[in-house]
Structures are given as structure tokens and as C-alpha cells.
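Remarks on the structure that follows.
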Amino acid sequence: MGIAPLSDAVSALVRDGDVVALEGFTHLIPHAAGHELIRQELRDLTLVRMTPDVVYDQLIGMGCARKLVFSWGGNPGVGSLHRLRDAVENGWPQPLEIEEHSHAGMAAAWAAGAANLPFGVLRGYRGGDLPGHTRVATIACPFTGEELAAVPAHRPDVGIVHAQRADRAGNVQLWGILGVQKEAVLASSRSIVTVEEVVDELTPVRGAIVLPSWVVDAVCVAPRGAHPSYAHGYYERDNDFYVAWDAISRDRDTFRAWMDENVLAAVPA
Amino acid sequence: MTSYTADEMMAVEAARRIEDGTVCFVGIGLPSLAANLARRTHAPGCVLVYESGTIGAKPEALPLSIGDGELAETADAVVSVPEMFAYWLQGGRIDVGFLGAAQIDRHGNLNSTVIGEYDAPTVRLPGGGGAPEIALGVDDVFVMLRHSTRAFVEELDFTTSLGDDVRVVVTDLGILEPVDGELTLVAVHPGVDPDAARDATGWDLKVASDLPETEPPTETELAALRSLRARTAA
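Protein chains in written order, with the numbering used here: chain A, 1 to 269; chain B, 270 to 503.
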């Protein structure tokens, strides 16, 4: 689609029942895209992300998700995600199946997906109770016999990330903490990247990577599209909002009222 | 003497265990405070690694999240998350990992996953995150956890990470270290009655026969710690 409005990209590329990953490790979290999924009332999604935070809390609380694949589901530095907890503990607004991993396991599953391998391999998952509740297997190294953990690769239908900028041809440049964003795009069948701005030329930036236009289905301009997360070089993390979210999300009615006013009534990017 | 809080005592005691040059995998909260305090006092060469991919971060203020922008701006290197866990943690490059938890047992096993049954939880906690492989991948695990019978339990509701490499547990009451495979009270903070630690422990806590008091925070330590916190609040 090249450079397209976010609402068009979501309606063309995301379907009910899809496996969708909105990745971002604290930095560059695609909030604007998440809000568009909510506005378009997508349902029965399997949401994948290492660190589901506020935008996944919102998607879950608005009834978009049937399953969550994750490794740490909290509000960083603040506490619990109350909508996630309400779904897991009380089935509100609907039951939420969970597939839980460790960070190392999720990271290996992302790298395997990007590499078109069926599983990721790591020295992990040993001894604790998690292997009894998730999809992990033990394999033997064919050369030494060492026992290792195998996790199924992530291969979402749609990968969605946020980046600092793109050029007019749709090449995407991002820098700062990069998380698993490159892997999420490369592992997914379809991908959407929201950006702060489109520029004439992607000048070099220390530590930056480029996702070529031909691995991205749609680039959508969404200024401040990561807020309350941040975009390195553009705006800082809104730590006050993360703290405020604790009270907003604790109560179902307060949450719904906030979503009605700030997401459903908002004009899409 | 200047008065200090229990959290300050915990941060100071944890910081004292970080040697100059130690590579530390740091989480948010008290571990981040402790590691940054060590870097500003006796261990300027210690290397702070946050799981967001920042290696050698030198923040002026304490981050709220492990991925705050200042960590990337001040880091020697910023790597992707798969690289962090595969090359750096699993690669054996990290000396010390800090962990917290909701529950700990006498063997140093930790639960940060769930209270109650996994499939029908009383409290669904955020989950293990990096903890399972940090506990396996570093040489020494340092645990920081406030003492209470809710946290120090006879039996974990869920085992998130293993205690094999836990070398010390710093609490608000004292210091526990493994002795013959069981966490034992080996020091108390100034003025703490060891019975208070026993009462706040859900198993029959063993107490070392020789039980020293930890040194209270020095003026230098307190000044460094408070200046870090002041910059964070600003």
C-alpha cells in the first residue's frame, strides 16, 4: 500500500481472528495503531507481545482479544495491568486464554520467526513450573547431546510497530531501544509501520536501522503515535500517564468512559 | 547520626556487594537504585545492563521503566532484545543479576507469576519476564525483597525461577545467605531484633550463631543515594 492512512491500512490488513503483534519494548509502542484496532472493533485477535502494557490492557478491556502470548504483563514501574488481570481472573469482558513465556523464550521465538525457522532454541525454561503451562519442548543437541529448550516460532498474520520516520518511498528508519521490532516485521505475513513523520531523506543516525519499503505493507503517518510511550529524538515517555493509568483502568466503568472519550471519539490518524 | 529509611538500608547493603568492574543485569526499582549507587560510590567501573538492550547505561536519574530514553542515550551499546538474551545473557557475559519477586522459599526459588492456582489465579502477577534465564545465566543472583510472611513462604504458589545461584537476599530487616542449601539469617540491620526477621518469615528461619549488624549507611552513601533520588523526582 506504500504510505497510506492508518484507518485504511488497518481495514485492509487486519482481520477478525488474526494473530497480531504490536511490538515495542517500552520504546516506540504503537499506541495509535492499537487505538485504530479498537475503533474498527476487531474481534477474536490473538495478541502477541513480550511486554504487553497499556495499549494491550486497552485492547483486552475493549474485548478485541481471545488470547494473549506474552512474557511480562505489567505497567512498568507502576504495577499490574488491571484490565488484563480482570480478563484472566474474572473473564471480563470475555475469557482470555494465555500462553506465557520467558523473555528469552519470546526473543528466541521472534528471531526464529524472522529467520523462517519452525522453532527457536535456547538454554532456558529449566526447573520452574512454566514448562507445564506453555508451549515449550526439550530437544537434544545433535552434536553434544545437551538438552535445550525449543519454543515455536512466532509467525503472526500481522506485525505492527512504530518508528521515528520513513522516506517518501516507504523505507523506515528507527533508532534508540529497538526491542524486537525488526523481528516482528520480518516474522509476520503482513506488516504496518506507523511513523512520526515522512522525510525526503533518511540521514544517518547513530545506532539506527532501516526496514526497506519492500518488507513493509503499509507506512502510516501517526505523529505522537507512540504516546504515552516515547519516540527517541521526538518526545519523552509520559511517565505520569503510566502512573495515572493505574486509577483509570482499575474500575470497569472508569475505563470504559476513558476509552469512549479518548479513543472511540477520537479522529483516526 | 543521620536517620535513614529501610529502603535506603536495603539499597546500600546491595550496592556494597557490587564490585568495581562487575557486569550487572539490573531491573527497575530497588535493584536499579542499588546498582546506580554502587556506580556513584565505590564501583565506578561497574557495568549496568538493562534487559531493554542497553549495555553500560549511566543514567543521571533513576528510570521508571527498563526502557527509558536516558538509558539508551548514556549506554556504551544498545542491542536488540534477542541479542541481549542470546549473546549477552546466555553468552555468559553477565556476572550478577538482580531479581525481585512476590514470593521466595528457603532455597531461594522465586515466584513472580501468580498467587493461587495458575489456571484460576487469586492474583495474576505480571510474570517472570527475564527472571527464569537471568537466574540460569548469571554467576550470582542477588535478591532484594521486603521481609513479610506473605513473601517469605514455606511453599511457593508457582516456581518462576530457580534459587541455585542466589548468593544473597537483602531485606528491610537483614541479610540472608544460603548455608548448606538453606537461606539463613547471617546479619541484621542496626537495631533489628532477629526475632522480627523470624516472625516475618513463613518457614522456621535459621539464624547464624554469630549474627553481626550491618554497617549503617555512611554519609557518603546517603548523599549519593539521595542525590540520585532527588534528580529522579525533579
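We put the CB at the ideal spot given by N, CA and C, even for glycine.
Keep in mind it's a predicted model, so treat the numbers as computed, not measured.
- Among the residues facing chain B, Tyr125 of chain A is included, as its CB has a counterpart in that chain under 8 Å away.
- Taking CB atoms only, Ile248 of chain A has no neighbour in chain B less than 8 Å away.
- Within the stretch 167-187 of chain A, those residues whose Cβ lies closer than 9 Å to any Cβ of chain B are, in chain order, Trp175, Gly176, Ile177, Leu178, Gly179, Val180, Gln181, Lys182 and Glu183.
- When Cβ-Cβ separations below 8 Å define contact, Glu89 of chain A makes contact with chain B.
- Comparing C-alpha distances from Ala231 of chain A to each of A:Ile29, A:Asp18, A:Arg15 and A:Ser7 shows the shortest one belongs to A:Ile29.
- For chain B, the residues of the stretch 226-237 of chain A that bring a beta carbon within less than 8 Å of one of its beta carbons are Tyr230, His232, Glu236 and Arg237, in chain order.
- Nearest to Asp276 of chain B by alpha-carbon distance, out of B:Ala341, B:Ala420, B:Arg419 and B:Asp441, is B:Asp441.
- Using beta-carbon distances, Asn239 of chain A counts as an interface residue toward chain B, with a partner under 8 Å.
- Inter-segment contact for the stretch 478-491 of chain B and the stretch 376-385 of chain B is absent: fewer than three beta-carbon pairs are separated by less than 8 Å.
- Residue state for Ile29 of chain A is assigned as coil, using DSSP reduced to three classes.
- Between Trp214 of chain A and Asn171 of chain A, the alpha-carbon positions lie close to 8 Å from each other.
- If only uninterrupted beta strand (DSSP E) runs of at least 3 residues are considered, those enclosed by the stretch 128-168 of chain A are 137-140, 147-152 and 158-167.
- The beta carbon of Ala346 of chain B sits closer than 7 Å to those of Ile324 and Gly325, all from its chain and outside the five residues before and after it, given in chain order.
- Within the same chain, Cβ atoms closer than 8 Å to the Cβ of Thr453 of chain B are found at Leu445, Glu446, Pro447, Leu474, Lys475, Val476 and Ala477, the five residues on either side in sequence being excluded.
- It is roughly 30 Å from the alpha-carbon of Leu68 of chain A to the alpha-carbon of Glu339 of chain B.
- Note that the stretch 415-428 of chain B touches the stretch 368-379 of chain B; at least 3 beta-carbon pairs, one per stretch, sit closer than 8 Å.
- With 16 or more other CB atoms across the displayed protein chains lying within 10 angstroms of its CB, Gly225 of chain A is buried.
- Taking the Cα of Ser430 of chain B as reference, the smallest distance to any Cα among B:Gly443, B:Asp364 and B:Ile403 is reached at B:Ile403.
- At the C-beta level, Asp167 of chain A and Asp200 of chain A come within 8 Å of one another.
- Within chain B, the residues Thr382, Tyr387, Phe427, Thr428 and Thr429 have their CB atoms less than 8 Å from the CB of Asp129 of chain A, given in chain order.
- Fewer than three pairs of CB atoms, one per stretch, sit closer than 8 Å, so the stretch 43-51 of chain A makes no contact with the stretch 351-362 of chain B.
- Using a Cβ-Cβ cut-off of 8 Å, Arg393 of chain B counts as an interface residue toward chain A, since at least one Cβ of chain A sits closer than that to its own.
- Residues of chain B whose Cβ lies closer than 9 Å to the Cβ of Gly159 of chain A do not exist, since the nearest Cβ in that chain is about 15 Å away.
- Taking a C-beta cut-off of 8 Å against chain B, the contacting residues of the stretch 44-65 of chain A are Met50 and Thr51, listed in chain order.
- The shortest CA-to-CA distance from Ala169 of chain A to any of A:Ala107, A:Asn116 and A:Ala218 is the one to A:Ala218.
- Runs of alpha helix (DSSP H) with 4 or more residues, each lying fully within the stretch 26-113 of chain A, are found at 31-39, 54-61 and 82-90, listed in chain order.
- In the DSSP assignment, Gln359 of chain B falls outside any beta strand (DSSP E) and carries neither an H nor an E.
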